[in-house]
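Student:
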Amino acid sequence: MSKFNRSRRGLYTASVAAMAFAAAISGSVTAASAAEVTIGVLVPLTGELGEFGSIVAKGVELAANEINAAGGTSCGTIRTVVADTAGEPDHAIRAATKMIESDGAVAILGPTSGEMVALVDLAKRKKTVIVSPYAGTITLNKLGGDFVYRTVSSDLGDGAASGLWLTERGYKRVAFLVQNEESTISPAQVARTKVEKSGIEITDYVVYNPGQPSYQAELTAVLAHKPDAIYLAGGQESGVTVIKEATAGGFKGEWLFTADLAVPEIFDAVGARLLNDRAYVEFADADKSLPEYKAFEALHVAKAGEAPGPFAANSFDMMNLVALSLQASGDCTGAGINSAIRGVSEGGVAVSSFADGKAAIAAGKDIDYQGASGPLTFDASGTVAGAYSIQAAKDGAWVNTKFYPASLFD
Amino acid sequence: MASGGTMTLFAQFLVAGVATGCFLILATIGFSLTRRVEGFLNIAHAQLIGVSAFTTWAVNVLLGWHILAAAAIGIVFTALVGLAIGRLVYEPIRHHGPAVMLISSVGVTYVIGGIVDAAVGTGIRTFDIPLATSYEFFGVRITDYQAMVMALAALSGVSMALFLNKTKIGLAVRAMAANPELAASRGIDVRRTSMATWLLASGLAGLAGVMLGVVATLSTDIAFRQILQVLAVAILAGLGSLYSVILSGLIVGIAMDVSVLWIPAGYRPLIAFALVIVVLLFRPEGLAGRKSS
Numbered sequence: 002m003s004k005f006n007r008s009r010r011g012l013y014t015a016s017v018a019a020m021a022f023a024a025a026i027s028g029s030v031t032a033a034s035a036a037e038v039t040i041g042v043l044v045p046l047t048g049e050l051g052e053f054g055s056i057v058a059k060g061v062e063l064a065a066n067e068i069n070a071a072g073g074t075s076c077g078t079i080r081t082v083v084a085d086t087a088g089e090p091d092h093a094i095r096a097a098t099k100m101i102e103s104d105g106a107v108a109i110l111g112p113t114s115g116e117m118v119a120l121v122d123l124a125k126r127k128k129t130v131i132v133s134p135y136a137g138t139i140t141l142n143k144l145g146g147d148f149v150y151r152t153v154s155s156d157l158g159d160g161a162a163s164g165l166w167l168t169e170r171g172y173k174r175v176a177f178l179v180q181n182e183e184s185t186i187s188p189a190q191v192a193r194t195k196v197e198k199s200g201i202e203i204t205d206y207v208v209y210n211p212g213q214p215s216y217q218a219e220l221t222a223v224l225a226h227k228p229d230a231i232y233l234a235g236g237q238e239s240g241v242t243v244i245k246e247a248t249a250g251g252f253k254g255e256w257l258f259t260a261d262l263a264v265p266e267i268f269d270a271v272g273a274r275l276l277n278d279r280a281y282v283e284f285a286d287a288d289k290s291l292p293e294y295k296a297f298e299a300l301h302v303a304k305a306g307e308a309p310g311p312f313a314a315n316s317f318d319m320m321n322l323v324a325l326s327l328q329a330s331g332d333c334t335g336a337g338i339n340s341a342i343r344g345v346s347e348g349g350v351a352v353s354s355f356a357d358g359k360a361a362i363a364a365g366k367d368i369d370y371q372g373a374s375g376p377l378t379f380d381a382s383g384t385v386a387g388a389y390s391i392q393a394a395k396d397g398a399w400v401n402t403k404f405y406p407a408s409l410f411d
Numbered sequence: 003m004a005s006g007g008t009m010t011l012f013a014q015f016l017v018a019g020v021a022t023g024c025f026l027i028l029a030t031i032g033f034s035l036t037r038r039v040e041g042f043l044n045i046a047h048a049q050l051i052g053v054s055a056f057t058t059w060a061v062n063v064l065l066g067w068h069i070l071a072a073a074a075i076g077i078v079f080t081a082l083v084g085l086a087i088g089r090l091v092y093e094p095i096r097h098h099g100p101a102v103m104l105i106s107s108v109g110v111t112y113v114i115g116g117i118v119d120a121a122v123g124t125g126i127r128t129f130d131i132p133l134a135t136s137y138e139f140f141g142v143r144i145t146d147y148q149a150m151v152m153a154l155a156a157l158s159g160v161s162m163a164l165f166l167n168k169t170k171i172g173l174a175v176r177a178m179a180a181n182p183e184l185a186a187s188r189g190i191d192v193r194r195t196s197m198a199t200w201l202l203a204s205g206l207a208g209l210a211g212v213m214l215g216v217v218a219t220l221s222t223d224i225a226f227r228q229i230l231q232v233l234a235v236a237i238l239a240g241l242g243s244l245y246s247v248i249l250s251g252l253i254v255g256i257a258m259d260v261s262v263l264w265i266p267a268g269y270r271p272l273i274a275f276a277l278v279i280v281v282l283l284f285r286p287e288g289l290a291g292r293k294s295s
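In order, the protein sequences belong to chains A and B. Residue 2 is where the first sequence starts when you use the working numbering, and the numbers rise one by one after that. Residue 3 is where the second sequence starts when you use the working numbering, and the numbers rise one by one after that.
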């Protein structure tokens, strides 16, 4: 999947709400003691991506509670400290530095694409592992792999899945509207190459800046060329305005959105009538047929009282991987996690929970953590292979319509 | 581009540009008024646009009131917030000069932004209003909301001109803008004039906020993101002038949107600032000249 490289909120600071939320979800914010190991949760809690950030924070918390209920790691129970990045790389660096220096965090979980890229140097210098559940940027394909990991696939697969869908739908003419950010441009370029290869005419390829009151200028040429479909790789703010303005401007074709719009709020914001039966959304998705996912889903419903949101499984998995790495290495540092994280996720006895993994390690076995989001085996860049879903807008909700398993993109 | 449709396409870009320009006029006119009367660049003006947009949203969507009632409440509330900030924050530090007030306004920006974040939360918001309706004239589309922005910009310009030239308080505002000490010595009530300025400038930010919410999708940061273009329009206009804001807004809006015909859309903001740089090279005082009103 892509996403989350927003560098938007020039002058905003983390708010009272963020702090209150952080305090609420981190539960027992007590001083670190010998029997605790500190994990930083660094996510956007304010701004457009705030909803994704809170899903991730809750996913991590759910895993941490399970781990602590199983007696914690050999380094102690998991203590989480939460900070808001507002989606800003510079905020992320400040907060991460504080987590490492003051809170003694051995791993930092949850940064977005742009934040991950900004944190690579810090992670390596401070020997602290950073893991993202949704940073798809292809920049990490070069930078990741040592102290830098992600429990999501790269945008290469994301773009390929979009390209596959556009081709399969049998469109003749497709326009691309792409938000001017690395996390949206990188999958769009992959999708564009795929679509071009299959002989579909690309009527326009428009890269636009978000945060505008209106996108009429960007849409003028796009609508004049009457495409069968528009591929829209944009955020919620720009996306909703673009959809409304295109519809008001007479666009009658179909849509393919990227993951930012894969939320139910879109139907309220745009109006379900404009989306039903003509809009689709593509995003990195857990393979919901896997027993590990079903177990996670049941746990999530039982403990959080709701079905897991986007990247909840990926978030749950990254916390478990870090805890299992601490357990396996016995070295309660970032370097310890870094040395063990590949070992616990490939080759060995398959385990799908921390408790099982802990027991297997105690029995002297090598383990292979099978996550809720997928099998989770890191490649050289610390990235996992992923599956993708296409959902269709039906009666005011996103409904699964196509699943592309990870094996398609190897 | 379809051969016969080139002129139509150009006209379509022009309509978009005029609409963009008219929004910029609404967003900038209060900012320029503050600059002229209070003598500093109130960066927090853009946040007031957001205050209005979210107040209107809350009344319209959460309370379920009609958009017109919600808009009226949003504008009045924003005017009062602007007045309160003017009296409580800027008035006591006025003697420190414009640089201190400018920096303080950045602080005010943070505070308002934080409060809006805390109150509104995450995600996006839209008003409960119908989708824009498009009308076509000679193949060129214009939506009712675009027309509304244009009408309001024109109305604001005309009302402002009448206010400043025909009313006693308007004349006092102009006198204070020209020379505060002289105005005070001639018996103009500086305090009352300053209050009128804050109410008016913030109310105009409120109107811009309502139109932002009508046209755009609201995220907590979108209002403040307009500040660079507001600055571009204000600088191009000549920082002291009010009427040239209208011309300047149209120039920036049209240049940005028509440029999309030839230059990738991602460079729209660059067009605004390139224009400012070019104009300032030849007319350092801005479009209006130094002494215009």
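The beta carbon of each residue, even a glycine, is placed where N, CA and C say it ideally should be.
With 7 Å as the limit, tell me which residues of the stretch 49–60 of chain A have their beta carbon closer than that to any beta carbon of chain B; keep them in chain order.
Tutor: Against chain B - using a Cβ distance shorter than 7 Å - the residues of the stretch 49–60 of chain A are E49, G51, E52.
Student: If distances are taken between C-alpha atoms only, which option among A:N401, A:G164, A:A192, A:A356 comes closest to A:I68?
Tutor: It is A:A356 whose Cα lies nearest to the Cα of A:I68.
Student: Is it the case that the stretch 115–125 of chain A contacts the stretch 348–365 of chain A, given that we only count it when at least three CB pairs across the two stretches are under 8 Å?
Tutor: Short answer: they don't touch.
Student: Where does B:V122 land, buried or exposed, given buried means 16+ other C-beta within 10 angstroms?
Tutor: Classification of B:V122: buried, given that the 10 Å Cβ count is 16 or more.
Student: For A:T259, return the contacting residues in chain B, with the cut-off set at a CB-CB distance below 7 Å.
Tutor: The premise fails here: A:T259 is roughly 16 Å from chain B at the closest Cβ pair, so nothing lies under 7 Å.
Student: Between A:Y216 and A:V243, what straight-line distance do the alpha-carbon atoms span, to the nearest angstrom?
Tutor: So the two alpha carbons sit approximately 6 Å from each other.
Student: Please list the residues of the stretch 208–219 of chain B that have a C-beta atom closer than 7 Å to any C-beta atom in chain A, keeping them in chain order.
Tutor: Residues passing the 7 Å Cβ filter: L214, V217, A218, T219.
Student: Which residues in chain B sit within 7 Å of A:Y209, going by Cβ to Cβ distance?
Tutor: Within chain B, the residues near A:Y209 are A267, G268.
Student: What do you reckon, are the CB atoms on A:V223 and A:V207 nearer than 8 Å?
Tutor: In this structure, A:V207 lies closer than 8 Å to A:V223 by Cβ.
Student: What residue from B:A21, B:M9, B:T8, B:T10 has the CA that sits closest to B:A257's CA?
Tutor: Checked all of B:A21, B:M9, B:T8, B:T10; the closest Cα to B:A257 is B:A21.
Student: Per DSSP, A:K403 forms a beta bridge with which residues?
Tutor: A:I391, per the DSSP bridge assignment.
Student: What first and last residue would you give for the beta strand (DSSP E) that runs through A:V208?
Tutor: Here the beta strand (DSSP E) through A:V208 covers 202–209.
Student: Compare the C-beta of A:S215 against all C-beta atoms of chain B and say whether one is closer than 8 Å.
Tutor: Chain B contact via Cβ: present.
Student: Measuring CB to CB, does B:G84 end up less than 8 Å from B:L50?
Tutor: Their beta carbons are under 8 Å apart, which means B:G84 touches B:L50 by this criterion.
Student: Verify whether the separation of the beta carbon atoms of A:G240 and A:L257 is less than 8 Å.
Tutor: No, they are not a contact pair.
Student: Where in the stretch 213–248 of chain B do unbroken runs of the beta strand (DSSP E), each at least 3 residues long, occur, reported from the N-terminal end onward?
Tutor: Those beta strand (DSSP E) runs which fall completely within the stretch 213–248 of chain B and span 3+ residues do not exist here.
Student: Residues of chain B with CB closer than 8 Å to the CB of A:E219, please, in chain order.
Tutor: The answer, in chain order, is V262, A267.
Student: Taking the CB atoms as reference points, tell me whether B:Q14 and B:V142 lie closer together than 8 Å.
Tutor: It is a contact, given that the beta carbons lie within the stated cut-off.
Student: For the stretch 86–98 of chain B against the stretch 140–155 of chain B, do three or more pairs of beta-carbon atoms, one drawn from each stretch, fall closer than 8 Å, so that the two count as touching?
Tutor: Not touching, per the Cβ criterion.
Student: In the DSSP assignment, find the beta strand (DSSP E) that holds B:Y137 and state where it starts and stops.
Tutor: Here the beta strand (DSSP E) through B:Y137 covers 136–139.
Student: Report yes or no: do three or more beta-carbon pairs, one from the stretch 153–171 of chain A and one from the stretch 133–140 of chain A, lie closer than 8 Å?
Tutor: Yes, since at least three Cβ pairs between the stretch 153–171 of chain A and the stretch 133–140 of chain A fall closer than 8 Å, the two stretches touch.
Student: Output yes if chain A places a C-beta closer than 8 Å to the C-beta of B:D191; else output no.
Tutor: Judged by the 8 Å Cβ criterion, B:D191 is not in contact with chain A.
Student: Just checking: is the beta-carbon of B:T80 within a distance shorter than 8 Å of some beta-carbon in chain D?
Tutor: Looking at the structure shown, chain D is missing, and the protein chains on hand are A and B.
Student: Kindly indicate the opening and closing residues of the alpha helix (DSSP H) around A:R126.
Tutor: Residues 114–126.
Student: Quick one: which chain A residues come within Cβ less than 8 Å of B:A21?
Tutor: Result: S215, Q217.
Student: From this set, A:V132, A:I203, A:Y150, which residue's C-alpha is nearest A:G164's C-alpha?
Tutor: With distances taken between Cα atoms, A:G164 lies closest to A:I203.
Student: Does the beta carbon of B:A290 sit closer than 8 Å to a beta carbon anywhere in chain A?
Tutor: Cβ-Cβ to chain A under 8 Å: no for B:A290.
Student: In the structure shown, what three-state DSSP assignment does A:L224 receive?
Tutor: Three-state DSSP puts A:L224 in a helix.
Student: Do the CB positions of B:L289 and B:S250 come within less than 8 Å of each other?
Tutor: Yes, they are a contact pair.
Student: Quick one, which of A:G254, A:P311, A:G60, A:P406 has its alpha-carbon nearest A:V83's?
Tutor: Among A:G254, A:P311, A:G60, A:P406, the Cα nearest to that of A:V83 is on A:G60.
Student: Rounded to the nearest angstrom, what separates A:S103 and A:T47 at their Cα positions?
Tutor: Their Cα atoms are separated by approximately 23 Å.
Student: Going by C-alpha to C-alpha distance, which of A:C76, A:P211, A:A273, A:A280 sits closest to A:I231?
Tutor: The residue with the shortest Cα to Cα distance from A:I231 is A:A280.
Student: Specify the secondary structure class of A:A270 as computed by DSSP and reduced to three states.
Tutor: In the structure shown, A:A270 sits in a helix (DSSP, three-state: H, G or I).
Student: For A:G145, is the classification buried or exposed, using 16 other Cβ atoms within 10 angstroms of its Cβ as the cut-off for buried?
Tutor: Buried is the call here.
Student: Run down chain B in chain order and give the residues with a C-beta less than 7 Å from the C-beta of A:G41.
Tutor: Neighbours of A:G41 on chain B: none; closest Cβ ~20 Å, over 7 Å.
Student: Report yes or no: is there a C-beta of chain A within less than 8 Å of the C-beta of B:F25?
Tutor: With 8 Å as the cut-off, B:F25 counts as an interface residue toward chain A.
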